[in-house]
Amino acid sequence: MTSQQPKRVFFLASYGSDAGLTSMTLGLVHALERDGIKVGFVKPIAQPASVGAELSSHFARQLCNIDAPASIPFARAQAMLREGELATLMEDVVRLAEQARDNHDVLIVEGLVPDSDAQTAIRLNAEMAGSLSAELLLVLSGAGRGARDIAECVQLVQRQFGADGNGKLAGLLLNRGAECGNLAGLRAELAAQGCATPLLGCVPYDAKLDAPRVLDVVSALGLKIEHAGQIEQARMRETVVAARTVEKMAERLLPGTLVVTPGDRSDVVLATSLAMLRGVPLAGLLLTCGEPVSGSILPLIQSARQAGLTILSTERDTYETSTMLANLDRHVAMEDAERMQAMIDFVAERIDTAVLVQKIGEPREVRLPPPAFRHRLIESARRSQKRIVLPEGDEPRTIQAAAICHEKGIARCVLIGEPERIRQVAEAQGVTLPADIEILAPKEAAGRYVAPMMEMRKSKGLTAPQAAEQLEDSVVIGTMMLALNEVDGLVSGAVHTTANTIRPALQLIKTAPGASIVSSIFFMLMPDQVLVYGDCAVNPDPNAEQLADIAIQSADSARAFGLSPRVAMISYSTGTSGSGSDVEKVREATRIAKEKRPDLMIDGPMQYDAASVESVGRQKAPDSEVAGRANVFVFPDLNTGNTTYKAVQRSAGVVSVGPMLQGLRKPVNDLSRGALVDDIVYTIALTAIQADAQ
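Each residue of the sequence shown is one higher than the one before, counting from 1 in full-length UniProt numbering.
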């Protein structure tokens, strides 16, 4: 799990259902492509099936030549949200985004249109944008909206999203705006309303682009085709209902007009035919009330039919038909690539991409949200394919975690325990153990490790009986397997204490070259980012030298798992504001750590609020690179660290992954005895990644 600068991600969300989100999104994609930028696209969650087919990815593939991944069905996303599986859903979203942005300079993400289930769409949009650490672009219909109304919409969306960590939007796109001809003036009006969001483009309404194919009208209303004419090319821009005399309606017989009339209005039928013969490309003639054209009139309109006049019919009356036409869904049909291409081109020409291009070229420090962390964790573990030993093989949570790891390909687990007992526990838990999972009976295995263990500890005078006695402990057996390279890592602690897990490792695995201390970190999965806490599990009261090493180990671990470390050395005092032996220890540890590793951003002593809250950091440590932006927190002692991590975990409902041990020659990781099944799965994944890096 290597650390790399994430590519730019822009998340497009609309306010209301009338903003034309798909055409505006793909128009932006096209505009950026014309600037020579390699653009990826994904719509992670499809619109509800009741709204229509998922068009965005279809047209991205067909018209923009982008290999957009298939969206998650809305029904599935809604079910996962209802069943409390939001975290898993967001991991799936991150997986799709990772797939879509591979080898691209920027990823454009289209959110859900708040249509049939607005509240769910708004919540999922906010979760997706946060999980992808995306910059938010708002798409808004400008129809009937002045600068004040637009500014209020922007403020509302900022509150909904808490965008970019500070409630800011990266840009605003207006569709169907009335003031698009005076973009500079509109920008000035928005600024006067206190709207600082950059206006990236204003796309005016164009009736030609709002014209569906007559074929789609036929399909939507269930019309009968009496004469096809030019139906393959015809589009409906307007409708004219024959409620008045021909003289009153003649001037409305314009290109793209669909004439709606009962079949017995021979005057309207003839007037329509004459207009077609004069070269007006009408959309067609729709006969209502199930009334056909009079037989005596048919010969008179034959020339119009030959000229391409499309004639349709319906059993409905004229009023019902005209009402249905007025309420017709004007969304682009999946088969109508021509119209969508025209819309994309039209939008692209009216977007000012300069602001976004500049952003794409700038380095950006992106937080690693929990779903992205979990996704990368699992994917990295899958690639490493390590063999991890679990000494507590008959413990129910451990058995479930091992089965999950095998099912998902996270690691190849070895369960230590009596095979029959393990199978009984698995059956009681409703767990089907994979046929290829390894189970090692401790009594059968212990004997072969006596001699190697005596050799490893000969300097301590270990005898065969003493070795055999120690090997009655499954953790010791697992540690010997690791020491002899039979496995790649060890995870224990669901029923054993931390001391029971670490002591054999210190005796048999030893510390890594250059490591003076073994320490631990927790990955704290906060709502919008992952933080690292160290040391919260191992060292009761480290001295300044040891504390410096803990800080360096924690920073290196953070970097190995995708974070750009900014290390805060925590104390009850910030900078030079306090004194006392405890503060001096932290101050000295900071000096030593900076001297050893000048490449790292490390600062201290620092209070927790000064390290984590930007406004407090600016006030208490204005010259610090770390203050207010720390993502690695190093606590001065075990009492402070353990208390803080448990308080945050329980009070804020935060998931913590770990502890992960640092400084050993090979990966051994301890579990909390209150660990959940998912905690064990993630710890196994952590261990596999550590093994891959060593």
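Where a beta carbon is used, it is the ideal one built from N, C-alpha and C, also for glycine.
Checklist entry - Near E625, which residues of its chain fall below 6 Å by C-beta distance, leaving aside the five closest residues on each side in sequence? => result M601
Checklist entry - From what residue to what residue does the beta strand (DSSP E) around K224 run? => result K224 to H227 is the span of the beta strand (DSSP E), which, as asked, contains K224.
Item to check | Per-residue burial, V154 [other beta carbons within 10 Å of its own, 16 or more giving buried] | outcome: With 16 or more other Cβ atoms within 10 Å, it is buried.
Item to check | Same chain only: Cβ atoms within 7 Å of A207, ignoring 5 sequence neighbours per side | outcome: R237
Item to check | For A515, the nearest candidate out of L287, T261, L664 and D264 (CA to CA) | outcome: L664
Item to check | Distance between D473 and E455 (C-alpha atoms, nearest Å) | outcome: 19 Å
Checklist entry - Using CA coordinates, which residue listed in G578, P212 and R244 is at the minimum distance from D329? => result P212
Item to check | Any 3 or more C-beta pairs closer than 8 Å across the stretch 171 to 190 and the stretch 133 to 148 | outcome: yes
Item to check | Residue from H58, S557 and L172 whose Cα sits closest to the Cα of L356 | outcome: Shortest Cα-Cα distance from L356 to any of H58, S557 and L172 involves L172.
Next on the checklist: Quick check on the burial criterion: 16 or more other C-beta atoms within 10 angstroms. Buried or exposed for P465?
Outcome noted: Exposed.
Item to check | Rounded separation between G575 and M606 - CA only | outcome: 6 Å
Item to check | Same chain, Cβ closer than 6 Å to K666, five either side skipped, listed in chain order | outcome: L482 and I509
Checklist entry - Using 8 Å as the threshold, is the stretch 239 to 252 in touch with the stretch 221 to 231, meaning 3 or more CB pairs across them? => result Contact fails: fewer than three Cβ-Cβ distances are below 8 Å.
Next on the checklist: Taking the straight line between their C-alpha atoms, what separation do you get for K564 and Q233?
Outcome noted: The residue asked about is misnamed: residue 564 is Ser in this sequence, not Lys. C-alpha separation (whole angstroms): 56 Å.
Item to check | Contact between the stretch 553 to 569 and the stretch 626 to 637 (3+ Cβ pairs under 8 Å) | outcome: yes
Checklist entry - Among T239, D352, L506 and A60, which one has its Cα closest to the Cα of A326? => result Nearest of T239, D352, L506 and A60 to A326, Cα basis: T239.
Checklist entry - Rounded to a whole number of angstroms, what is the C-alpha to C-alpha distance between L183 and P198? => result 11 Å
Next on the checklist: If I follow the unbroken alpha helix (DSSP H) through E469, where does it start and stop?
Outcome noted: A464 to Q470
Next on the checklist: Can you look up E438 in the DSSP assignment and give me helix, strand or coil?
Outcome noted: E438 sits in a strand when the DSSP states are folded into three classes.
Checklist entry - Around the C-beta of E392, are 16 or more other C-beta atoms found within 10 angstroms, so that it is buried, or is it exposed? => result buried
Checklist entry - Does DSSP classify V214 as helix, strand or coil? => result helix
Checklist entry - For Q470, does the count of other Cβ atoms within 10 angstroms reach 16, so buried, or fall short, so exposed? => result Q470 comes out buried.
Checklist entry - If you pair each beta-carbon of the stretch 89 to 97 with each one of the stretch 16 to 26, do three or more pairs fall below 8 Å? => result no
Checklist entry - Less than 8 Å separating the beta-carbons of I72 and F41? => result no
Item to check | the stretch 485 to 497 / the stretch 392 to 412 touching (three or more Cβ pairs under 8 Å) | outcome: yes
Item to check | CA nearest to the CA of F346, picked from G20, Y682 and V677 | outcome: G20
Next on the checklist: List, from N- to C-terminal side, the beta strand (DSSP E) runs of 3 residues or more that fit wholly inside the stretch 601 to 642.
Outcome noted: 601 to 606 and 632 to 634
Checklist entry - Are the stretch 605 to 621 and the stretch 542 to 562 in contact at 8 Å, needing three or more beta carbon pairs? => result no
Checklist entry - To which residues of the same chain is Q553 closer than 7 Å at the C-beta, ignoring the five residues directly before and after it? => result Excluding five sequence positions before and after Q553, the CB atoms of its chain that fall closer than 7 Å to its own CB belong to S519, Q662 and G663, given in chain order.
Checklist entry - So, I416 versus P442, is the Cβ gap smaller than 8 Å? => result yes
Item to check | Backbone CA spacing between A242 and A333 [nearest angstrom] | outcome: Between A242 and A333, the C-alpha separation is close to 28 Å.
Next on the checklist: Can you look up C536 in the DSSP assignment and give me helix, strand or coil?
Outcome noted: coil
Checklist entry - Does the separation of the CB atoms of F11 and G111 fall below 8 Å? => result The beta carbons of F11 and G111 sit closer together than 8 Å.
Item to check | Residue(s) in a DSSP beta bridge with Y15 | outcome: L140
Item to check | Own chain partners of A151 with C-beta closer than 7 Å, once the 5 adjacent residues on each side are dropped | outcome: L190, Q193, G194 and C195
Checklist entry - When the Cα atoms are used, what is the spatial distance from S612 to E338? => result 52 Å
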